[in-house]
Amino acid sequence: MKLKRDQSSSQFIAQVRDLSLQGLGVVDHPEGRVYFVPGVWPGDEGEFVIESQSKTYGFARLQKLIKASAERRSQIPCPYQGHSPDSCGGCPWMLATDMSQLRAKEQLLRSQLKRQGFSPGEDFEIGPIWPSPQALGYRNRAQFKTDGQKLGFVSAQSQELVEVEDCLVLSPQNRQTLRELRAQLPRADWRPQPGRRWSSLDIDEDLKASEVVANRRRPFRQGNSSQNQRMRQWLRDSLSPQSRSAPVLELFCGSGNFTQVISELGFQTVWAVEGRGQALENLKALRLAGVQTMELDLLAKGSVGPMAQSASSSQILVLDPPREGFPALKHWLPHFPHWQDIYYISCEMGGWGRDAATLREAGFALRQVQPLDQFPQTPYLEILSHFQKI
Ligand SMILES: C[S@@+](CC[C@H](N)C(=O)[O-])C[C@H]1O[C@@H](n2cnc3c(N)ncnc32)[C@H](O)[C@@H]1O
């Protein structure tokens, strides 16, 4: 939808009544239109300025906080947090207490389920959210940007490079790596390539600062190690009653984080599919029993063809797609008539909700939904879910 920048001096006073799936505050204009606002929390009362709008909704910014929500923190621990052009923007929810962030994530999931026509309690269980053991200091990997002179993150607000000396959500080891990388500035070989604004520096707990190479992307890794262990345990517990002779198809397997769990449980036939060759190489190096790997762009049109040929006998589907979810799911379902149980791990509520509705229309019942907080201080939520053919 096209949004127009508002020319009039349109200010209004309102109370934040909700949060959107993207984690923005929701406020109602006195004349009825809904506005989305960054950097606010339900219960805040403020003066807002309209930034852009369509016929039905718009975006606004907080001009003045009149009354702070009782759920706001008294002090925000990070100097780079905020929504100004020179804030990093990576932790938009750090303004609220850890407990209220958890409540908000649960509430957003319940609203999403309702929107998609699911009613918790009737035929499926929704567990209380699993909080991260650490609300700060949990991130085992990150990507910095550098122009060779400065090093930091790209501001969500201004799309400019914001220099950071420290980052509180990084694990202690990664904070040390950040300090060591900064000590190497300026570096001519970190200057951006032609046509690029910055170079990327991927860091990881398995990597020393001296091993970091500009623009060398590392394969995906779940960003919070202790919460990843809980996700793996959830999958282990969920799969364990299944017959080990049921063939398993795993989509978006990455370097084999969940494939390892499936193989170690003793499933005899596992097809593991992923789009990034380097991740698959990592998986192959694990030499997991029963696992056949396949490199495939699963979001490309027609990707179902090769899989329908080799894995049409699969009875169990495990999938952990990127943020966009798996929009092709509805085209895949007719090719896999034996799918009985689907374990869907998701990092994005919008795509998951759409795919959950697709599964229901195809005759699958939602049996379990377990929310898990992998990224405190952000609106991101992991959803661990189990669907079963009726
Ligand atoms: C959320 S990660 C999950 C990876 C793995 N399950 C794990 O726990 O580490 C999503 C994976 O999908 C892969 N991916 C992204 N786009 C893809 C595509 N178009 N086709 C196939 N795989 C893709 C990424 O490389 C990444 O490994």
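Sequential numbering from 710 applies to the sequence shown in my numbering.
Just so you know, even glycine gets a beta-carbon here, dropped at the ideal spot from N, CA and C.
Can you find the residues in the same chain that come closer than 7 Å, C-beta to C-beta, to Lys-1039, ignoring five residues on each side of it along the sequence?
Translated into the one-based positions of the sequence shown, residue 1039 becomes position 330. If we look at Lys-1039 and ignore the five residues flanking it on each side, its Cβ neighbours are Thr-1067.
Straight-line CA distance for Leu-870 to Ala-1071?
Here residue 870 refers to the residue found at position 161 when the sequence shown is read from its first residue. Here residue 1071 refers to the residue found at position 362 when the sequence shown is read from its first residue. Their Cα atoms are separated by approximately 46 Å.
Would you check whether ligand 1 has a heavy atom nearer than 7 Å to the C-beta of Ala-1017?
Indexing the sequence shown from 1 puts residue 1017 at position 308. Checking every heavy atom of ligand 1 against the Cβ of Ala-1017, none is found closer than 7 Å.
Rounded to whole angstroms, what's the CA-CA distance from Glu-905 to Asn-849? Just pull it up for me.
As a position in the sequence shown, residue 905 is number 196, starting the count at 1. As a position in the sequence shown, residue 849 is number 140, starting the count at 1. Residue 905 is actually Arg in this sequence, not Glu. Approximately 27 Å, taken between the alpha carbons.
DSSP beta-bridge partners for Ala-769?
Along the sequence shown, read from residue 1 onward, the residue named residue 769 stands at position 60. According to DSSP, Ala-769 bridges with Ile-759.
Name the two residues that bound the continuous alpha helix (DSSP H) containing Trp-1041.
Your numbering for residue 1041 matches position 332 in the sequence shown. Start and end: 1038-1041.
What I want to know is whether the C-beta of Ala-988 ends up closer than 7 Å to one or more non-hydrogen atoms of ligand 1.
Translated into positions along the sequence shown, residue 988 becomes position 279. True, at least one ligand heavy atom lies under 7 Å from that Cβ.
May I ask which residues mark the beginning and end of the alpha helix (DSSP H) holding Ile-971?
On the sequence shown, position 262 is the one that residue 971 refers to. Per DSSP, the continuous alpha helix (DSSP H) segment holding Ile-971 begins and ends at 966-973.
Quick test of your reading: Glu-756 and Gln-772, contact by CB under 8 Å. State the CB separation rounded to the nearest angstrom.
Taking the sequence shown and counting its residues from 1, one reaches residue 756 at position 47. Taking the sequence shown and counting its residues from 1, one reaches residue 772 at position 63. Their Cβ separation, rounded to whole angstroms, is 5 Å, which keeps Glu-756 and Gln-772 in contact under 8 Å.
Threshold first: 3 residues or longer. Then list the beta strand (DSSP E) segments lying entirely within the region 1070-1095, N to C.
List check, beta strand (DSSP E) in window: 1073-1081.
Closest by CA to Ser-1012, which one among Glu-983, Gly-999, Glu-990 and Leu-995?
Position 303 of the sequence shown, counting from 1, holds the residue named residue 1012. Nearest C-alpha to Ser-1012: Glu-983.
Helix, strand or coil for Thr-806? Go by DSSP, reduced to three states.
Against the sequence shown, residue 806 aligns to sequence position 97. Judged by DSSP in its simplified three-state form, Thr-806 adopts coil rather than helix or strand.
Shortest alpha-carbon distance to Leu-887 belongs to which of Gly-767, Ser-908 and Asp-913?
Indexing the sequence shown from 1 puts residue 887 at position 178. If we check each option's Cα against that of Leu-887, Asp-913 comes out closest.
Looking at Arg-1123 and ligand 1, is the gap between the Cβ and the nearest heavy atom below 7 Å?
A query on residue 1123 cannot be resolved here, the shown segment of the chain reaching from 710 to 1099 and no further.
I'd like to confirm the pairing. Which residues does DSSP put opposite Met-1003 in its beta bridges?
Along the sequence shown, read from residue 1 onward, the residue named residue 1003 stands at position 294. Val-982.
My output table needs one value for Ala-813: the three-state DSSP class, helix, strand or coil.
Locating residue 813 in the sequence shown gives position 104, where the first residue counts as 1. Note: Ala-813 maps to helix in three-state DSSP.
According to the neighbour-count rule (16 or more other Cβ atoms, all chains shown, within 10 Å of its Cβ), is Pro-1043 buried or exposed?
Here residue 1043 refers to the residue found at position 334 when the sequence shown is read from its first residue. Using a 10 angstroms sphere on the CB of Pro-1043, the tally of other CB atoms stays under 16, which defines it as exposed.
For Ser-1055, list the residues DSSP reports as bridge partners.
As a first step, residue 1055 is located in the sequence shown; it is residue number 346 there, counting from the start. Looking at the DSSP output, Ser-1055 shares a beta bridge with Ile-1092.
For ligand 1, is there any heavy atom lying closer than 7 Å to the beta carbon of Phe-976?
Position 267 of the sequence shown, counted from the first residue, corresponds to residue 976. For ligand 1, not one heavy atom lies less than 7 Å from the Cβ of Phe-976.
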